[in-house]
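Q:
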Amino acid sequence: MSGFAIRPQYVHRFALTISVVFLLVLSAAPDLRAEPTDPAPENGRLLVYLLDHQMVSRQEMAAIQQEINSIFEDQAGVQIEWFIDASPRRRLEINELRVLILASDGTRWFHGPSNVIGLAPHDESGIGRNCFIFYRQALWFRQQAVLRCREAALARTQAEASGVEPGMAGEAIAPASCSDYLPELTPMIVARAAAHEMVHILLNKLDHSPTGLMRESFELQEWLAASLEPFRLLPEEIAALRSRLGVVSAVADGS
Numbered sequence: 004m005s006g007f008a009i010r011p012q013y014v015h016r017f018a019l020t021i022s023v024v025f026l027l028v029l030s031a032a033p034d035l036r037a038e039p040t041d042p043a044p045e046n047g048r049l050l051v052y053l054l055d056h057q058m059v060s061r062q063e064m065a066a067i068q069q070e071i072n073s074i075f076e077d078q079a080g081v082q083i084e085w086f087i088d089a090s091p092r093r094r095l096e097i098n099e100l101r102v103l104i105l106a107s108d109g110t111r112w113f114h115g116p117s118n119v120i121g122l123a124p125h126d127e128s129g130i131g132r133n134c135f136i137f138y139r140q141a142l143w144f145r146q147q148a149v150l151r152c153r154e155a156a157l158a159r160t161q162a163e164a165s166g167v168e169p170g171m172a173g174e175a176i177a178p179a180s181c182s183d184y185l186p187e188l189t190p191m192i193v194a195r196a197a198a199h200e201m202v203h204i205l206l207n208k209l210d211h212s213p214t215g216l217m218r219e220s221f222e223l224q225e226w227l228a229a230s231l232e233p234f235r236l237l238p239e240e241i242a243a244l245r246s247r248l249g250v251v252s253a254v255a256d257g258s
C-alpha cells in the first residue's frame with residue numbers, strides 16, 4: 004500500500020510514504036514490484052471512476068480533473084475518460100481506476116490520528132485499483148500554507164517598519180506571491196495526491212522516485228510558487244505509463 008502523507012513533526016513538509024500500519028500485510032503479498040503481465044490496452048485511454056463522498060463544488064471538481072489531466076495528458080500523452088459518481092460492479096481492467104474522495108481525515112482507517120492524505124491499497128494479486136483521498140487532511144495542509152503565508156507577510160511588515168530591507172528573510176518563509184495560490188490549493192493537493200496514487204497503481208510501484216511527483220517528500224514552498232517542476236513525472240515514468248496503457252502518439256517536449 005502506498006501512502007501520500009504529511010509528517011506532523013515537519014509541519015512545512017509534504018511526505019509520500021508507505022504506511023507502516025500495513026507492512027505485515029504487504030510482507031505476505033506477492034512481489035508487488037514485479038512488472039505487470041497483462042497486455043496493454045489498444046486505445047491508450049485511462050478510464051477513471053471518480054466517486055465524490057465529500058460533495059465538492061462543481062468548480063473544485065473541475066479544478067481537480069484539470070490538474071490530473073495536466074499530469075497524465077500533457078506530460079505523458081495519456082487521455083483520461085472521466086465517470087463522475089459512477090463505477091462498474093466488476094473487477095476493473097488494467098486501464099481503469101477508481102478515485103474516491105472521502106469526507107474524512109483517515110482516523111477510522113488507522114484507529115487514531117494519522118498524517119496520511121492518500122492511499123492506494125493493493126489486493127491479494129498484488130495490484131489494486133482504488134485510490135482513496137482524505138479530503139479533511141488536504142484542508143489541514145492548506146491551513147499550514149495559510150499560516151506560512153501570514154508568517155512571511157508579518158516578517159516583511161516588521162522589516163519595513165524597522166527600516167530594514169526584508170531581503171531574503173521573507174522569501175525564505177514563503178514567496179511574496181504565495182497568497183495567489185491559496186484559493187486553488189485544496190483541489191491542487193487532492194489532484195496531485197490522486198495522481199501520485201494513480202501512478203503507483205498503474206505502474207505497480209511501491210517505492211518512490213528521487214525527484215518529481217513520485218518522490219517521498221515536498222517542501223511547502225514548492226506549493227506556493229509558480230514552478231511545476233517539482234510535480235513532474237520523470238521520463239522513465241512517462242515511458243512506463245505510455246507502454247502500460249498502449250499510448251502511441253508523440254508527446255510535445257517540455258509540455
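Per the numbering used here: the sequence shown = residues 4 to 258. C-beta: ideal position from N, C-alpha, C; glycine also. Computed from a predicted model, the values in this text were never measured in an experiment.
Quick check on the burial criterion: 16 or more other C-beta atoms within 10 angstroms. Buried or exposed for LEU1?
A: Outside the modelled stretch of the chain, which goes from 4 to 258, sits residue 1, for which no answer is possible.
Q: In terms of residue numbering, what span does the beta strand (DSSP E) encompassing ARG94 cover?
A: Segment: none, ARG94 is in no beta strand (DSSP E) and carries neither H nor E.
Q: Leaving aside the five residues before and after TYR184 along the sequence, list all residues of the same chain whose C-beta is less than 6 angstroms from its C-beta, in chain order.
A: Cβ neighbours of TYR184 beyond the five flanking positions: LEU227.
Q: Apart from the five residues just before and just after PHE135, which ones in its own chain have a Cβ nearer than 7 angstroms to its Cβ?
A: Only LEU103, LEU105, GLY121 and LEU122 meet the Cβ criterion.
Q: Can you check whether the CB of ALA66 is closer than 7 angstroms to the CB of PRO186?
A: Taking 7 angstroms as the Cβ cut-off, PRO186 and ALA66 do not qualify as a contacting pair.
Q: Put LEU103 into one of helix, strand or coil per three-state DSSP.
A: The answer is strand: DSSP assigns LEU103 an E or B state.
Q: Less than 7 angstroms between the C-beta atoms of GLY249 and GLY80, yes or no?
A: Contact: no.
Q: For LEU231, which residues from the same chain have a beta carbon less than 8 angstroms from its beta carbon, with the 5 sequence-adjacent residues on both sides left out?
A: Nothing listed; no residue qualifies.
Q: Identify whether ASP77 lies in helix, strand or coil by the three-state DSSP scheme.
A: ASP77: helix per DSSP, three-state reduction.
Q: Mind checking whether GLY173 and ARG159 have CB atoms under 7 angstroms apart?
A: Contact flag set, yes.
Q: Leaving out five residues before and five after ILE307 in sequence, what residues of the same chain have Cβ atoms less than 6 angstroms from its Cβ?
A: The structure shown does not extend to residue 307, since the chain spans only 4 to 258, so no value can be given for it.
Q: Pick out whichever of GLN161, GLU99, GLN147 and ALA229 has its Cα sitting closest to the Cα of ARG132.
A: For the residues GLN161, GLU99, GLN147 and ALA229, the minimum Cα distance to ARG132 belongs to GLU99.
Q: Roughly how many angstroms separate the alpha carbons of LEU53 and GLU154, rounded to a whole number?
A: Cα to Cα, the separation comes out at about 36 angstroms.
Q: Compare the beta carbon distance of THR188 and ALA156 with 7 angstroms and say whether it is the shorter of the two.
A: Checking the displayed sequence, the identity of residue 188 turns out to be Leu instead of Thr. Taking 7 angstroms as the Cβ cut-off, LEU188 and ALA156 do not qualify as a contacting pair.
Q: Work out the CA separation of ASP55 and PHE86 for me, nearest whole Å.
A: Near 11 angstroms, if we compare the C-alpha coordinates of ASP55 and PHE86.
Q: Return the residue from the list SER220, LEU205 and ALA194 that minimises the CA-CA distance to ALA242.
A: Of SER220, LEU205 and ALA194, the residue nearest in Cα terms is LEU205.
Q: Is ALA194 closer than 7 angstroms to ILE71 when the C-beta atoms are compared?
A: Yes, the pair counts as a contact, with Cβ atoms nearer than the cut-off.
Q: Have a look at ALA164, ALA162, GLU84 and ALA175 and flag the residue whose alpha-carbon is nearest the alpha-carbon of GLU225.
A: Selected option, being the one with the closest Cα: ALA175.
Q: Applying the criterion that 16 or more other CB atoms from any shown protein chain within 10 Å of the CB defines a buried residue, is GLY257 buried or exposed?
A: With a pLDDT of 47 at GLY257, under the threshold of 50, the predicted position of this residue should be treated as unreliable, and no value is reported.
Q: So, helix, strand or coil for GLN82, using DSSP?
A: Of the three classes helix, strand and coil, the one that applies to GLN82 here is strand, per DSSP.
Q: What are the complete beta strand (DSSP E) segments, minimum 3 residues, inside the stretch 140-176?
A: Those beta strand (DSSP E) runs which fall completely within the stretch 140-176 and span 3+ residues do not exist here.
Q: Under 7 angstroms between the Cβ atoms of GLY215 and LEU244?
A: Cβ atoms of GLY215 and LEU244: not closer than 7 angstroms.
Q: Provide the residue span of the alpha helix (DSSP H) that contains LEU188, from first to last.
A: Here the alpha helix (DSSP H) through LEU188 covers 188-205.
Q: Considering only residues of the same chain and omitting the five flanking positions on each side of CYS181, which have a CB-CB separation below 6 angstroms?
A: CYS152 and LEU227, listed in sequence order.
Q: I need the straight-line Cα distance from ALA196 to GLY166, nearest angstrom please.
A: Computed Cα separation, rounded: 42 angstroms.
Q: Going by beta-carbon coordinates alone, are LEU50 and GLU76 separated by less than 7 angstroms?
A: No. Outside cutoff.
Q: The beta strand (DSSP E) with ARG48 in it runs from where to where?
A: It spans 48-55 - the beta strand (DSSP E) in which ARG48 sits, taken as one unbroken run.
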